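Have a look at the structure below, then the notes.
Residue numbers (the numbering used here), protein chains in the order written: chain A, 1 to 346; chain B, 1001 to 1534.
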């Protein structure tokens, strides 16, 4: 009897293994079944999850999210092709969305009240993506070290007088890439290259991967100024109300370039099989409630003009914004990367 | 024909083994090597302009960073590893036995978990800086975790046990007569150590350093959280920051080429410096009791190293986990991540062991050029850093069977390429210990090869195969870059969660999964060490 048990053991082991595999496969198929709306998101989970939760509670539609870098998500969508599980794409950068449109990864969104909710300059020409919140690229300066009059244009930061006194984002930053794209479009490659060279020399080792670190460095007085998205300043001030920092909007003179504005936005994938729930999500995101959650939580500008921005922000209408259409950002992107890398920014 | 010659040697039975085994091994090896070959191919056929740009802008800096990081870690590892091993093999004091065990524990913390606890500890106005300021004055600043020093510190604390373990076993099996001769000819302790002991344990130190450097060069987790640009991190950044993977494949090729050079360099070095015990007068070193003050000093030193590499980070994790639990942040979603990790790791480990069987069999029972090729081919995954393995599988799949992209199979493939070598190593050595006579006996009694395998071989090697399974399971639980890049929707693993939360500096949210991984890894690390010791 004992002999027999021993002989069967490997068979039992094998059976356990097979059972395990079957169970795992069953689990996998369970995950992919069902009417879950799949969202690919390049936005920090902390910012987007509450919005999706609210949508889920209101509509009863289950939402599943995959978080990754925006560019990686586009690569992924492209590779998945017709088989993508994604229904909706959300990114923090209009350039990436436009790139997705060029690759025909998105479809035209037909929502009745779209035209009256989001101004056309914050949408793709064919409505395949829709801007949700605006973020402007500003200079954060230490109020004890810089007077606001010292800097009027973003290009001033390349001046040798700022050597060792400014902090900049690393070359991998989408914000930097967008900002440089806009400067290239307005001022041309020669001016941009000279600007970046100066920026690189002046920043030295003050190159940061996160905007938050730039704001912190300015607040501590390690550097006098830095380039960041505006809401990082508000975020720092919310935690440290006495920090000696303030935003400075550049290029505001008549006929000036204006500040660089980028938009976070949303698009419905070309391959979605759940069009109605996907449209419902977009409608929610542009509705006043969705806008307040999406934009105001992060102190960004809601792009729905019927929703007021957070009170601590300068009104969007009160300053000049660079007139480069958001939809041009995509085609500017790759040459911009080359310019940035040629200059040798890290 | 057999009956005509009753004295046919048993070894000739091998010709009757089914060649499907070789065929199977061949297919597996090709499948495992293909991704790497494909990356090499697409890198070499890449636009020369991409190469030029990379050489001009990225490569020199990445070389310098990767090299200096490895060097920095190696120097600290040597200092820590040798000094700790010396103390614990040459002296005995209260508690010196426990330290043997405690100093292995740092191996159970994944690099990205250590990195993220240190981003907290070292941040401006953080705990360590406050302590430092009470000593050195209020103006003193500690180095930032997001710097060369930060990366060196974290990776050295994470890898010093490699050097420590090998130095310890070398010092333990050391012939103490050599030291005694040196002492009787008038050399003092310090001279003896540097002129006699250290040179003699050099091969072990090199082996330990080799492991540590390979770990550092292929590490993604720590350098990505500390944002220190090494080759491995740059591959990931190129993959996620650009709309095509050409630059990433180019960097991968350079990295893999360097790894190969390093690998062969190490082999060559080891062959040159091999020391043999030529005298029969071998005496084991006997640990000496030491004075209370010295013992106190030693304990303080051990506590400092252990606390920095394991104690303090784990205490932080526990504290954060408790906070997260009491804030109700551990929900059913968390259980989902646990299940994702466990099921993925379970499937991979099972697949790795099943795929490993024919390869291990080939390695041990057939030493032909074909089997050598298969086995060496399967080992190539060993030197592939995670992002490169992910990129390789991704590029291959997208060019050949794009239907698979975005499914769990791609992730499993990357895991297999990456972790099969670890399983194979264990399985090979287990099978090696089993004499082929048993199998030959079964075969001569008329059992078919499959029956022989299931009824004779498998029951005897089960233990070894099980530990290979466990090893792969744990490695998969900790795996970060491939999971991050290839996970399907809804398949966030524990490692991915830790990384996502930690890169947003949400310390509390990252703690429960991190603690869980450490807790699961500890028994495995101890188990492997115990096996190593006996």
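Even glycine gets a Cβ: it sits at the ideal position worked out from N, Cα and C. Given the structure is predicted, the values throughout are model-derived calculations rather than measurements.
- Message: When you compare the CB of residue 47 of chain A with every CB in chain B, is at least one pair closer than 7 Å?
- Response: no
- Query: Hey, would you say residue 294 of chain A sits closer than 7 Å to residue 133 of chain A, going by beta carbons?
  - Reply: yes
- For residue 69 of chain A, decide whether its Cβ has a neighbour in chain B, counting only Cβ atoms nearer than 7 Å. yes
- Message: Taking 6 Å as the limit between beta carbons, can you name the residues of its chain near residue 52 of chain A, skipping five residues before and five after?
- Response: 63
- Message: So residue 1163 of chain B and residue 1078 of chain B are supposed to be a Cβ contact under 8 Å. How far apart are they, rounded?
- Response: 6 Å
- Starting from residue 1218 of chain B and walking both ways along the alpha helix (DSSP H), at which residues does that stretch end? 1202-1218
- Message: Does the contact criterion of 3 or more C-beta pairs under 8 Å hold for the segment 1414-1428 of chain B versus the segment 1369-1386 of chain B?
- Response: yes
- Within 10 angstroms of the Cβ of residue 1444 of chain B, are there 16 or more other Cβ atoms? Answer buried if so, exposed if not. exposed
- Message: Pop quiz: residue 1113 of chain B and residue 1514 of chain B are said to be a contact at Cβ under 8 Å. What is the actual Cβ separation, rounded to whole angstroms?
- Response: 4 Å
- Any Cβ of chain B within less than 7 Å of the Cβ of residue 82 of chain A? no
- Query: Got a sec: is the Cβ-Cβ distance from residue 271 of chain A to anything in chain B below 7 Å?
  - Reply: no
- Query: For the alpha helix (DSSP H) that residue 1429 of chain B lies in, which residues bound it at each end?
  - Reply: 1408-1433
- Could you tell me if residue 1476 of chain B is buried or exposed, where buried requires 16 or more neighbouring beta carbons within 10 angstroms of its beta carbon? buried
- Task: Compare the C-beta of residue 339 of chain A with all C-beta atoms of chain B and state if any pair is closer than 7 Å.
- Result: no
- List the endpoints of the continuous beta strand (DSSP E) containing residue 91 of chain A. 88-91
- Query: So, helix, strand or coil for residue 1369 of chain B, using DSSP?
  - Reply: helix
- Under the three-state reduction of DSSP, which class applies to residue 1124 of chain B: helix, strand or coil? coil
- Message: For residue 327 of chain A, count the other beta carbons within 10 Å of its own beta carbon; 16 or more makes it buried, fewer makes it exposed. Which is it?
- Response: buried
- Task: Please name the residue in B:1106, B:1068 and B:1052 whose C-alpha comes closest to that of residue 1526 of chain B.
- Result: B:1106
- Task: Please classify residue 78 of chain A: does DSSP put it in a helix, a strand, or coil?
- Result: helix
- Task: State buried or exposed for residue 1002 of chain B, treating a residue as buried only when at least 16 other CB atoms are found within 10 Å of its CB.
- Result: Only weak support is given to the placement of residue 1002 of chain B: the predicted model assigns it a pLDDT of 43, under 50, and the question is left unresolved by the model.
- Examine chain A for any beta-carbon lying closer than 7 Å to the beta-carbon of residue 1237 of chain B, and answer yes or no. yes
- Can you tell which of A:180, A:162, A:216 and A:158 has its C-alpha closest to the C-alpha of residue 195 of chain A? A:158
- Task: Output the distance between the C-alpha atoms of residue 1400 of chain B and residue 78 of chain A, rounded to the nearest integer angstrom.
- Result: 15 Å
- Message: Please tell me whether residue 1241 of chain B has its Cβ less than 7 Å away from any Cβ of chain A.
- Response: yes
- Task: Run the CB neighbour count on residue 1500 of chain B, radius 10 Å, all protein chains shown included, and call it buried at 16 or more, exposed below.
- Result: buried
- State yes or no: is the beta carbon of residue 73 of chain A nearer than 7 Å to at least one beta carbon in chain B? no
- Query: Could you give the uninterrupted runs of the beta strand (DSSP E) lying entirely in the segment 196-275 of chain A, keeping only those of 3 residues or more?
  - Reply: 225-229, 245-248 and 260-269
- Message: Rounded to the nearest angstrom, what separates residue 1171 of chain B and residue 1322 of chain B at their Cα positions?
- Response: 42 Å
- Coarse secondary structure for residue 1014 of chain B, derived from DSSP in three states: For residue 1014 of chain B, the predicted structure reports a pLDDT of 49, less than 50, and the residue's modelled location is therefore unreliable. A value from the coordinates is still provided. Helix.
- Query: Rounded to a whole number of angstroms, what is the C-alpha to C-alpha distance between residue 130 of chain A and residue 266 of chain A?
  - Reply: 5 Å
- Query: Going by alpha carbons, who is nearest to residue 1530 of chain B out of B:1096, B:1467 and B:1518?
  - Reply: B:1467
- Item | Buried versus exposed, by CB contacts within 10 Å (16 or more), residue 1332 of chain B | exposed
- Indicate whether at least one CB of chain A lies closer than 7 Å to the CB of residue 1443 of chain B. no
- Would you mind sorting residue 1437 of chain B into buried or exposed? The rule is 16 or more other CB atoms within 10 Å of its CB. exposed
- Message: For residue 257 of chain A, count the other beta carbons within 10 Å of its own beta carbon; 16 or more makes it buried, fewer makes it exposed. Which is it?
- Response: buried
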